[in-house]
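Take a look at the structure below.
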Amino acid sequence: MTNRLALRIAVFGGFGVVLFAILFFRLWQLQVLDGDTYLAEAKNNRTREYRVGAPRGEILDRDGEVLVGNRTSLALQINPRKLPADPRERRAELSQLAELTHSTLRSVRRRMREELKLAPAAPVTLRRDVGNYLVYYLQENQERFPGVEVQRVFVRDYPDETLAAHVLGAVGEVSEEDLEEARYRELQPGDEVGQDGVEYAYDEILRGKPGLTRIQVDALGQPTPGGQLVSQPPAPGRSLKLSIDADVQAAGEAGLAAYGSGGFVTMDVDTGELIAVGSSPTFDPELLTPPLTQKQVDETIRNPAQPLVNRAVSGLYPTGSTFKIVPALAALENGVITPSEPIYDNGSITVGGQRFQNAGGEAYGSVSMVRALQVSSDVYFYELGLDMWDSGDLQRTAHMLGFGRETGIDLPGDIEGLLPTQRWRNELYAEGETDRPWSAGDNIQLATGQGDLQASPLQMAVAYAALGNGGAVVTPHVGKEVTDAFGRVLKEFTPPPRRQIQIDPEYRSVILEGLHDAAQTPGGTSYEIFGNFPVPVAGKTGTAQRIGQADQSWYLILAPYPDPKIVTAVTIEEGGFGAEAAAPIALDILEAYFNKQSTGAAGPNGGSPG
Amino acid sequence: MYATRTRQARPEPFAVHPGIAERLGLPYMDGALAFSAVALAAFSVFTLSQSTLGDVPGSPNFFVDRQVVYSLLGIAGMYLLTRIDYSRFRELRVGIYTFLCVSISLVFVFGFAARGSRRAFDLPLFSFQPSELGKLLLVLALAGFVIDGARKGSDWQRTVRYLCLGLAPAALVFLQPDLGTSLVFGAITLAVMYVGGVRWTHFAVIGAAIVALTAVVLVVAPAVGTPILKAYQTERLTSFLDPSGDPSDAGYQQNQAKTAIGSGEATGRGDRATQTRLDFVPERHTDFIFAVIGERYGFIGAALVLSLYALLVWRALRIVTLSKNSYGTLVAGGIAAMLLFQVFVNVGMNLGIMPITGIPLPLMSYGGSSVLATFLAIGVLQSIHMQARLGQKGRFAW
Chain A
377 MTNRLALRIA VFGGFGVVLF AILFFRLWQL QVLDGDTYLA EAKNNRTREY
427 RVGAPRGEIL DRDGEVLVGN RTSLALQINP RKLPADPRER RAELSQLAEL
477 THSTLRSVRR RMREELKLAP AAPVTLRRDV GNYLVYYLQE NQERFPGVEV
527 QRVFVRDYPD ETLAAHVLGA VGEVSEEDLE EARYRELQPG DEVGQDGVEY
577 AYDEILRGKP GLTRIQVDAL GQPTPGGQLV SQPPAPGRSL KLSIDADVQA
627 AGEAGLAAYG SGGFVTMDVD TGELIAVGSS PTFDPELLTP PLTQKQVDET
677 IRNPAQPLVN RAVSGLYPTG STFKIVPALA ALENGVITPS EPIYDNGSIT
727 VGGQRFQNAG GEAYGSVSMV RALQVSSDVY FYELGLDMWD SGDLQRTAHM
777 LGFGRETGID LPGDIEGLLP TQRWRNELYA EGETDRPWSA GDNIQLATGQ
827 GDLQASPLQM AVAYAALGNG GAVVTPHVGK EVTDAFGRVL KEFTPPPRRQ
877 IQIDPEYRSV ILEGLHDAAQ TPGGTSYEIF GNFPVPVAGK TGTAQRIGQA
927 DQSWYLILAP YPDPKIVTAV TIEEGGFGAE AAAPIALDIL EAYFNKQSTG
977 AAGPNGGSPG
Chain B
11 MYATRTRQAR PEPFAVHPGI AERLGLPYMD GALAFSAVAL AAFSVFTLSQ
61 STLGDVPGSP NFFVDRQVVY SLLGIAGMYL LTRIDYSRFR ELRVGIYTFL
111 CVSISLVFVF GFAARGSRRA FDLPLFSFQP SELGKLLLVL ALAGFVIDGA
161 RKGSDWQRTV RYLCLGLAPA ALVFLQPDLG TSLVFGAITL AVMYVGGVRW
211 THFAVIGAAI VALTAVVLVV APAVGTPILK AYQTERLTSF LDPSGDPSDA
261 GYQQNQAKTA IGSGEATGRG DRATQTRLDF VPERHTDFIF AVIGERYGFI
311 GAALVLSLYA LLVWRALRIV TLSKNSYGTL VAGGIAAMLL FQVFVNVGMN
361 LGIMPITGIP LPLMSYGGSS VLATFLAIGV LQSIHMQARL GQKGRFAW
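Here it is as structure tokens:
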């Protein structure tokens, strides 16, 4: 062999060594260095998970009456893998399905596209709640509809229809953005979550754990024999018992519906348990389950009356005279006035050239605290507002009572509202946002619940509850107990009061007396409504002026007097005088509440004392 | 008596009374070469028996049975060629070359189409793919032409002549279309020319031409609207550069093969293998059998197979240096290149570093033509080895 040939063979051999070295290195890299990654990928590759929906927990009222239950419904699904491969046949089948479900081919296709983007190869739900006639038809003509499946799913059931809709909220499929939130970490597209109200706030309790069947599949997605790897049955959600009383709630809603837009709250003054929370106009939570028709969207989401807003919790209004307990308390506690010290009410006061007068132009003469509350003398409280105009005492007391801050309620929509202060207005003025700095007039307005004040019925109820219970600013809540499927109590909700404020028992009884006189002695502002009510109560009307609108009607009531157990706040948009609209609704609510107390105190299994 | 016995006890250079091993020619064969070839074939049967059970309904051992038959036929053919003096093939070069070209051409007329390509004849026992045997035939014929034409014409004329001789059958195979095998033909041609002494400068020019041609085929031709490769071919050739680009097509196969091999880790997943058991990896008994080995037997198994191939190629290269004549040198060089190229491209394809070209893994991939042709090629190597050994001893085969 020549040297030249030997060199060539040596180069050839060297080339071979290099090639084999590359292969060995790459093999080592794939299997030894990155093996874990590929093994995980391979495992992921060969399994398909089928989720079996779990029913959500029931929502009960405080007596155990079902407010939200479940019923099974039939959902029409398309399994895209089993549709005909031929585009024409596929099109024909889909358009037939569209016709049967009162839809269009385009929207069926769009829905398939959207769902498949979220969960490739998963069955696409075409319509929930399909009628039996359609299911029978499809079953009889199965060979004409390959890939169409009927799935039994759980849907929310509302035995009382719209009752407490704002408290309960609705459920709907979790959205793509929601899935990125921590609270929805374990969910997958298509899972249902609470969209508002208790369904949203207690979603983690109510939400069940979907069952999981993990099966081994081959590359075509076909299950392999004996390839069932895991099977975990669905775990239903836990039940939630609310503090809401369905009867009281129904009474309030019936009253409210007669008057238009507004809201009401009934709350236990000691615990903060909400016995009734209503808002009008209302909506049907069942109709909020997607897909919504245009009509449903127009009636709910796009409705200018905003039926989805819970006005009891999130409605902000000036409160009118119902606010007067706050300047009363502030003035007494800060020594601005004594309970017996009279103020002469000649119908109006003039401060800085501006005249503030009583509603209706009345003059009550010399009035002290009790009388001023009974007749709702504005002048009396104008004077208190004037006396405290730059001391901040009124604002401090109001802030302690919960104005201008969140209530801590366990429902979405908790808001701060607005408590006007000297500093707030002066800062606005410095920024050029308003035409004038803080003046005595602002405080005079505030003392009667007018001007810039913005508060919700819930905030008013919390403030009155603090007066009623002697100083505890309670945490309002609707959630009472979590129970498992057998009714065993797993957890009770007893949130502690947010704050404790100092209220001199003497001052408290003076203010309560004024409120009692207002409701139940002749000459009181709501005597006409509550004069004959058998239970002694302490109630205050409110008539708030709103720019460009008829007056806002308010009523706040503590009952029974003098040791109140419950507080009720009612407000009606454009309802006029407090005694005209709000007080009658409060009466309905209290009647329902006390009827139940007297007849059904021992509960459904106890005998009635008669 | 005693003196005779003493004489007989001495190791005799030539056995006067040849034993059975001597008669079979075993001492003159390359044992390591035979071992690696048979071991690879056995490993193939073993792998197929574990991984293809029940692939063909009603015939659980479909692939295994056939591969055993092909391997046994191949071993018999290998032995037969071992005992034939390969030098005769040099005299038959024109006949061999003609047969090569005609048999490949006949596929266009009589061949059956599979997946859009006509490559094989449907024979009673198995389908015969002329281009597989053609690899060996090309080596034998081209080596003969190189020896024959060594003194005719200028260097350039010779280079061009060899290229034309090699590329004509390559072009025929390419038109079937079978890109992978035509590339093997090209590799064989270059290897034979290389061992045959074609100047380095010529290779430089050829190399430049290949680069330019690749650019034209893959980039320029599609851009001007006259694609030379079919779309799927281009995609296969380029997808390995960016396998994640489209998990549904060519890159998908490669990703699945890579995942299969990687998931085998050091010791393999055995029967818990999923990638290659559940059809995620396509063509797992043919082009992607290495992925099966990687997943089932892990780095240990795959490295063992690669080592056997390294042994095979090393023995082939060693035979290049042992050959008694230039023809043997060229033939052995061509076969060595054929094996090396196929192993590298196929295993590289499984490992995701080479494009998908449809080249079988010699002796491992299921398929009669490939197994048989590879064993025959090894038989030719054995023949060269045996002639060299016999030549050293001054004796010739019968």
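As you go down the protein sequences, you meet chains A and B in turn.
According to this note's numbering, the first sequence is numbered sequentially starting from 377.
According to this note's numbering, the second sequence is numbered sequentially starting from 11.
Built from N, CA and C at the ideal position, the CB exists for glycine as well.
Tell me which same chain residues have a C-beta within less than 6 Å of the C-beta of residue i, skipping the five on either side of it?
{"i": "residue 826 of chain A", "result": "694"}
{"i": "residue 725 of chain A", "result": "732, 755 and 758"}
{"i": "residue 691 of chain A", "result": "639 and 832"}
{"i": "residue 940 of chain A", "result": "645, 844 and 934"}
{"i": "residue 720 of chain A", "result": "742"}
{"i": "residue 629 of chain A", "result": "654"}
{"i": "residue 149 of chain B", "result": "198, 341, 344 and 345"}
{"i": "residue 750 of chain A", "result": "890, 893, 894 and 900"}
{"i": "residue 137 of chain B", "result": "130"}
{"i": "residue 394 of chain B", "result": "96, 329, 333, 338 and 342"}
Can you list, in chain order, the residues of its chain with a C-beta nearer than 7 Å to that of residue i? Leave out the 5 residues immediately preceding and following it.
{"i": "residue 139 of chain B", "result": "129, 130 and 379"}
{"i": "residue 737 of chain A", "result": "723"}
{"i": "residue 294 of chain B", "result": "61, 286, 301 and 302"}
{"i": "residue 141 of chain B", "result": "114, 129, 183, 188 and 191"}
{"i": "residue 847 of chain A", "result": "876, 877, 878 and 879"}
{"i": "residue 760 of chain A", "result": "703, 707, 712, 713 and 823"}
{"i": "residue 437 of chain A", "result": "443, 618, 620, 621 and 622"}
Using C-beta distances below 8 Å, list every residue in its chain close to residue i, excluding the 5 sequence neighbours before and after it, in chain order.
{"i": "residue 528 of chain A", "result": "448, 449, 450 and 451"}
{"i": "residue 258 of chain B", "result": "Residue placement at residue 258 of chain B is poorly supported in this model, since its pLDDT is 48, which falls under 50; the coordinates still yield a value, given next. Counting only Cβ-Cβ distances below 8 Å, and skipping sequence neighbours, we find nothing."}
{"i": "residue 66 of chain B", "result": "72 and 73"}
Under the three-state reduction of DSSP, which class applies to residue i: helix, strand or coil?
{"i": "residue 952 of chain A", "result": "coil"}
{"i": "residue 967 of chain A", "result": "helix"}
{"i": "residue 404 of chain A", "result": "helix"}
{"i": "residue 934 of chain A", "result": "strand"}
{"i": "residue 856 of chain A", "result": "strand"}
{"i": "residue 101 of chain B", "result": "helix"}
{"i": "residue 693 of chain A", "result": "strand"}
{"i": "residue 390 of chain B", "result": "helix"}
{"i": "residue 279 of chain B", "result": "coil"}
{"i": "residue 190 of chain B", "result": "helix"}
{"i": "residue 72 of chain B", "result": "helix"}
{"i": "residue 294 of chain B", "result": "coil"}
{"i": "residue 205 of chain B", "result": "helix"}
{"i": "residue 914 of chain A", "result": "strand"}
{"i": "residue 32 of chain B", "result": "helix"}
{"i": "residue 7 of chain B", "result": "Past the boundaries of the shown model lies residue 7 of chain B; chain B is included only from 11 to 408, so the question cannot be answered."}
Could you tell me which residues DSSP pairs with residue i in its beta bridges?
{"i": "residue 640 of chain A", "result": "A:654 and A:946"}
{"i": "residue 741 of chain A", "result": "A:721"}
{"i": "residue 919 of chain A", "result": "A:929"}
{"i": "residue 501 of chain A", "result": "A:453"}
{"i": "residue 564 of chain A", "result": "Residue 564 of chain A pairs with nothing; no bridge assigned."}
{"i": "residue 671 of chain A", "result": "Answer is none; residue 671 of chain A lacks a bridge partner."}
{"i": "residue 533 of chain A", "result": "A:445"}
{"i": "residue 137 of chain B", "result": "B:132"}
Measuring from the CB of residue i, is there a heavy atom of the ligand HEM at a distance below 7 Å?
{"i": "residue 32 of chain B", "result": "As far as ligands go, the structure on display features none, and thus does not contain the ligand HEM."}
* Asked: Can we say the segment 937-954 of chain A touches the segment 834-842 of chain A, given the rule of at least three CB pairs closer than 8 Å?
  -> yes
* the segment 205-213 of chain B / the segment 178-191 of chain B touching (three or more Cβ pairs under 8 Å) -> no
* Asked: Can you list, in chain order, the stretches of the alpha helix (DSSP H) that have 4 or more residues and sit fully within the segment 409-470 of chain A?
  -> 411-421
* Do the segment 46-61 of chain B and the segment 80-89 of chain B make contact, defined as three or more Cβ pairs closer than 8 Å? -> yes
* Entirely enclosed alpha helix (DSSP H) segments - the segment 798-861 of chain A, minimum 4 residues -> 798-806, 816-823 and 833-845
* Asked: Is there contact between the segment 962-978 of chain A and the segment 852-867 of chain A, where contact requires at least three CB pairs shorter than 8 Å?
  -> no
* Asked: Taking three-plus beta-carbon pairs below 8 Å as touching, is the segment 162-181 of chain B in contact with the segment 86-103 of chain B?
  -> no
* Using 8 Å as the threshold, is the segment 474-488 of chain A in touch with the segment 498-507 of chain A, meaning 3 or more CB pairs across them? -> yes
* Asked: Quick check: the segment 309-322 of chain B against the segment 400-412 of chain A, are there 3 or more CB pairs under 8 Å?
  -> yes
* To do: Mind the definition here: the segment 559-579 of chain A touches the segment 464-481 of chain A only if three or more C-beta pairs lie below 8 Å; say whether that holds.
  => no
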